[in-house]
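Trainee: In our numbering, the protein residues as written are -14 to 133.
Heads up, the beta-carbon is just placed ideally off N, CA and C, and yes, glycines get one too.
Quantities reported herein were computed from a predicted structural model and do not represent experimental measurements.
What follows is a single structure, and I will ask about it in a moment.
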C-alpha cells in the first residue's frame, strides 16, 4: 500500500511539473493552439483523476471470491500487445496514420475479446475522431500512405 501512495505522489509531482512546462511552452499563439496546449490538457486530466485514485486506494480490498473471475493476460496476449506496439510506428509511413491505427486498434480489440462488428465500429470511430481532432482541428500533419 505504501508503494501505491508513493507512486501516486510521484505521478502528481511529475504532473505538476508537466503543467508548469506546458504553460512555459505557450498554450495559445497566433490564434492557434500552442505547443504547450496538449501537454497542459493531458496533465490537467491526470491531476483531476488523482482524487478518484485516492478514494479508490482508501477503499477496503475486495474479498478473494469477488476477484477470482478476473482473467490474467496470457503470454500470447502480451506478445500481441508488444507486437502491435512495435509494428504500429513502423507501419505509419507505408500505410498512413488512418490505416495503421485502424489495423492496430482492430487487432488489440479482437485480441482483447471484443467481437468483430463492435471492434470495427470502435476502431473506425476512434481513428476517425482522432484524425478529425489532430489533422483538422489542431492541424497536426499526420502520416499519409505512400501508395496514395
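Starting from residue 44, trace the alpha helix (DSSP H) in both directions and tell me its first and last residue.
Mentor: Residue 44 -> no alpha helix (DSSP H), and no H or E assigned at all.
Trainee: Residue 65: which of 39, 46, 94, 83 sits nearest, CA to CA?
Mentor: Residue 94 is the option with its Cα nearest to residue 65.
Trainee: Which residues does DSSP list as the beta-bridge partners of residue 13?
Mentor: Note: residue 13 sits in a beta bridge opposite 18.
Trainee: Kindly indicate which three-state DSSP category residue 125 falls into: helix, strand or coil?
Mentor: Reduced to three states, the DSSP call for residue 125 is coil.
Trainee: Could you check what DSSP says for residue -8 in three-state terms: helix, strand or coil?
Mentor: Three-state result, residue -8: helix.
Trainee: By the DSSP assignment, the alpha helix (DSSP H) with residue 76 in it spans what residues?
Mentor: Residue 76 -> alpha helix (DSSP H) spans 60 to 80.
Trainee: Under the three-state reduction of DSSP, which class applies to residue 7: helix, strand or coil?
Mentor: Residue state, collapsed to three classes: helix.
Trainee: Using 8 Å as the Cβ pair cut-off and three pairs as the minimum, do the region -2 to 13 and the region 101 to 117 touch?
Mentor: These segments do not touch.
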